[in-house]
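Engineer:
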Amino acid sequence: MANRLLITGGAGFIGSHTCVVLLEQGYELVVLDSFDNSSPVASERVRELSGSQALHVLKGDIRNAETVNQAFRCRGPIDGVIHFAGLKAVGESVANPLLYWDVNLNGSRVLAAAMEQRSCRTLVFSSTATVYGEPEQFPLREDSPTAPIHPYAQTKVAVEQMLQALCRQKNWRVASLRYFNPVGAHPSGRIGEDPLGIPNNLFPFITQVAAGRRSHLRIFGSDYPTPDGTGIRDYLHVMDLAEAHSATISHLLKQDPCTHLTLNIGTGRGLSVLEVVRGFEQATGLTIPFEVVERRPGDVPRLEACPDQAEMTLGWRAKHSLLEMCRDGWTWQQANPTGYRSAA
Ligand code: NAD
Ligand code: UDP
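Here it is as structure tokens:
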């Protein structure tokens, strides 16, 4: 019988792409999402892309225990959970730390309590490369020290620690995946990243400049200690990240109790802002006007994963190139100029 999974935040950017991959592999999915930062249209398109109807969507907040219990009851026993739901804007977390502790930590606690009550003890958690703070040694391995510098990353470290304790004391099987910078979209252009308002992140900003929605890109700083002076990140295609989730849950479901994995999920190849701009121009034949402005507060010069542990544990490695990330992100932007609102 097919495994049934609960996917919190499954209508969001990474969640929706992961749902396509999991449905294609025969899982039955229950998505619990508040739609605070996503649209139900994403889940409709996930069904269309996967050709599967085994996707059940519930609107609700992970902080509400009754809602979470309802998600566990709605179809039958849940074999494992992939927990994407949360808030992710660094600046907002500095401005409103209580909200971040509430949604990210308290939400995860409510979810974990409901799981424990049902003896559903297998979980994949969305962590982040920002747990490493401002590291000096590269590439980053999982045993590099965590040193979070803002509330967003602090909440992620706290949840990782809570889950580690559950593995030790309560026989859980958990993987905390520390994502680097997921970008791009499903190659069909039917689902993709749909930020509300002005994008914080580099990739959606570039695609909106390309589409004429914004006049030019502002590059935050060209005086970093990097070869061209602009910040370096490890960008990975969101479809590679989706595959990493499917590899992780299938691995965890076969493990003995008391398994705790912490894995970096990146390509291992850092790219500067200027390299991304040039790559996008090459992939699309367009020109991206930019100006260099001051550094953005809180930005670190460089983040770059060592992906070896993920490959050794899961047999997973990122496959897609920068060209594919740019091409697929641009296909999504062109087909959906105002994101899922274009579908109305
Ligand atoms: P997203 O905002 O697109 O998806 C998160 C989903 O969670 C959204 O659909 C949102 O509506 C939902 N949600 C938010 N609060 C909720 C709540 N209280 N109850 C129920 N649902 C709620 O973000 P994403 O980029 O897909 O990120 C998914 C996860 O990965 C997040 O936990 C994020 O912190 C983490 N992450 C993202 C990145 C990135 O660059 N995108 C990098 C590292 C880690
Ligand atoms: N960046 C930029 N202009 C933008 C958005 C981002 O120059 O409009 C830079 C940013 O300073 C960083 C890189 O692009 O060096 C990636 O930023 P993003 O916000 O996408 O990811 P994060 O900083 O969260 O890793």
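Just add 402 to the spot in the sequence shown (first one is 1) and you have this note's numbering. All C-beta atoms in this analysis are idealised placements derived from N, C-alpha and C, irrespective of residue type, glycine included. Everything numeric in this text was worked out from a predicted model, so none of it was measured.
1) Got a sec: does ligand 1 put a non-hydrogen atom nearer than 8 Å to the Cβ of V443?
2) How many Å lie between A587 and H419 at the Cα?
3) Three-state secondary structure (DSSP) at G482?
4) Between W503, W732 and L619, which has its C-alpha nearest V695's C-alpha?
5) In terms of residue numbering, what span does the beta strand (DSSP E) encompassing P584 cover?
6) With a 10 Å radius around its C-beta and 16 neighbouring C-beta atoms as the bar for buried, classify T664 as buried or exposed.
7) In whole angstroms, what is the alpha-carbon distance linking E536 and A549?
8) Could you give the C-beta distance for F682 and I593, rounded to a whole number, given that I count them as a contact under 8 Å?
9) Which residues in the same chain as Y626 place their Cβ atom closer than 7 Å to its Cβ, once the five residues preceding and following it in sequence are excluded?
10) Give the straight-line distance between the Cα atoms of A712 and M641, rounded to the nearest whole angstrom.
11) Please report the straight-line C-alpha distance between L598 and G717, rounded to a whole angstrom.
12) At the level of alpha carbons, what is the spacing between V533 and I651?
13) May I ask you to list the residues that DSSP assigns as paired with R635?
14) If you follow the alpha helix (DSSP H) that L705 is in, where does it begin and where does it stop?
15) Look at the alpha carbon of N439 and the alpha carbon of G414, and state the distance between them as a whole number of angstroms.
16) At a cut-off of 8 Å, would you count Y742 as near ligand 1, judging by its Cβ distance to the nearest heavy atom?
17) Go to T609, then tell me how far its beta strand (DSSP E) extends in each direction, as first and last residue.
18) For F692, which residues does DSSP report across the bridge?
19) Using only the alpha-carbon positions, how far apart do A745 and N738 sit?
20) Answer yes if the segment 521-531 comes into contact with the segment 573-585, meaning at least three C-beta pairs across the two stretches below 8 Å, and no otherwise.
21) Should D701 be listed as close to ligand 2, given that the test is whether its C-beta is under 8 Å from any heavy atom?
22) Is there contact between the segment 418-434 and the segment 493-504, where contact requires at least three CB pairs shorter than 8 Å?
23) Taking the C-alpha atoms as reference points, what is the distance between G741 and Q735?
24) Can you give me the Cβ contacts of I464 inside the same chain, cut-off strictly under 7 Å, excluding the 5 residues immediately before and after it?
25) Taking the C-alpha atoms as reference points, what is the distance between P553 and I600?
26) Quick one: using the 10 Å Cβ neighbour count with 16 as the cut-off for buried, is E645 buried or exposed?
27) In whole angstroms, what separates the C-alpha of S546 from that of K558?
28) DSSP on A577, reduced to helix/strand/coil?
29) Nearest to C522 by alpha carbon, out of R570, R729 and W574?
Structural biologist: Inspection of the coordinates gives the following:
1) Residue mapping note: residue 443 aligns to position 41 of the sequence shown, counting from 1. In terms of side-chain proximity, the C-beta atom of V443 is found no nearer than 8 Å to any non-hydrogen atom of ligand 1.
2) In the sequence shown, residue 587 corresponds to position 185, counting from 1. In the sequence shown, residue 419 corresponds to position 17, counting from 1. Rounded to the nearest angstrom, the two C-alpha atoms are 8 Å apart.
3) Your numbering for residue 482 matches position 80 in the sequence shown. Here G482 sits in strand by DSSP.
4) For the purposes of this step, residue 695 is taken as the residue at position 293 of the sequence shown. Of W503, W732 and L619, the smallest CA-CA separation from V695 is found for L619.
5) As a first step, residue 584 must be located in the sequence shown, where it is residue number 182. Start and end: N583 to V585.
6) For the purposes of this step, residue 664 is identified with residue 262 of the sequence shown, where counting begins at 1. T664 comes out buried.
7) In the sequence shown, residue 536 corresponds to position 134, counting from 1. In the sequence shown, residue 549 corresponds to position 147, counting from 1. Rounded to the nearest angstrom, the two C-alpha atoms are 7 Å apart.
8) Stepping through the sequence shown from its first residue, residue 682 is reached at position 280. Stepping through the sequence shown from its first residue, residue 593 is reached at position 191. For F682 against I593, the beta-carbon gap comes to about 20 Å, at or over 8 Å, which does not count as contact.
9) Sequence index remark: in the sequence shown, residue 626 carries index 224 (1-based). Excluding the 5 residues flanking it on each side, Y626 has same chain C-beta neighbours closer than 7 Å at T632, G633 and P703, in chain order.
10) For the purposes of this step, residue 712 is identified with residue 310 of the sequence shown, where counting begins at 1. For the purposes of this step, residue 641 is identified with residue 239 of the sequence shown, where counting begins at 1. So the alpha carbons of these two residues sit roughly 16 Å apart.
11) Your numbering for residue 598 matches position 196 in the sequence shown. Your numbering for residue 717 matches position 315 in the sequence shown. Their backbone Cα atoms lie some 35 Å apart in a straight line.
12) In the sequence shown, residue 533 corresponds to position 131, counting from 1. In the sequence shown, residue 651 corresponds to position 249, counting from 1. Looking at the two C-alpha atoms, the distance is approximately 22 Å.
13) Taking the first residue of the sequence shown as position 1, residue 635 is located at position 233. For R635, which the question treats as bridged, DSSP gives the partners L673.
14) By 1-based counting over the sequence shown, the position of residue 705 is 303. Following the DSSP letters along the chain, one finds L705 in no alpha helix (DSSP H), marked with neither H nor E.
15) As a position in the sequence shown, residue 439 is number 37, starting the count at 1. As a position in the sequence shown, residue 414 is number 12, starting the count at 1. Straight across, the Cα-Cα distance linking N439 with G414 is about 7 Å.
16) To locate residue 742, count along the sequence shown from 1; it is residue 340. Not one heavy atom of ligand 1 lies closer than 8 Å to the C-beta of Y742.
17) In the sequence shown, residue 609 corresponds to position 207, counting from 1. Segment L604 to A612 is the alpha helix (DSSP H) holding T609; no beta strand (DSSP E) there.
18) Mapped onto the sequence shown, residue 692 falls at position 290. DSSP lists L619 as the bridge partner or partners of F692.
19) Position 343 of the sequence shown, counted from the first residue, corresponds to residue 745. Position 336 of the sequence shown, counted from the first residue, corresponds to residue 738. A direct Cα-to-Cα measurement between A745 and N738 gives close to 8 Å.
20) A contact between stretches requires three or more CB pairs, one per stretch, nearer than 8 Å, and the segment 573-585 meets this requirement with the segment 521-531.
21) Sequence index remark: in the sequence shown, residue 701 carries index 299 (1-based). Checking every heavy atom of ligand 2 against the Cβ of D701, one is found closer than 8 Å.
22) Segments in contact, no.
23) Position 339 of the sequence shown, counted from the start, is the residue given in the question as residue 741. Position 333 of the sequence shown, counted from the start, is the residue given in the question as residue 735. Q735 has its alpha-carbon roughly 7 Å from the corresponding atom of G741.
24) Position 62 of the sequence shown, counted from the start, is the residue given in the question as residue 464. A distance below 7 Å between beta-carbons, with the five flanking residues on each side excluded, links I464 to the following residues of its chain, in chain order: T410, L434, V470, A487, G509, V512 and L513.
25) The residue you call residue 553 lines up with position 151 of the sequence shown. The residue you call residue 600 lines up with position 198 of the sequence shown. Cα-Cα distance, rounded: 21 Å.
26) Stepping through the sequence shown from its first residue, residue 645 is reached at position 243. By the neighbour-count rule (16 or more Cβ atoms within 10 Å), E645 is buried.
27) Position 144 of the sequence shown, counting from 1, holds the residue named residue 546. Position 156 of the sequence shown, counting from 1, holds the residue named residue 558. Computed Cα separation, rounded: 16 Å.
28) In the sequence shown, the residue the question calls residue 577 occupies position 175. Correct three-state label for A577: strand.
29) Here residue 522 refers to the residue found at position 120 of the sequence shown. Measuring from the Cα of C522, the nearest candidate turns out to be W574.
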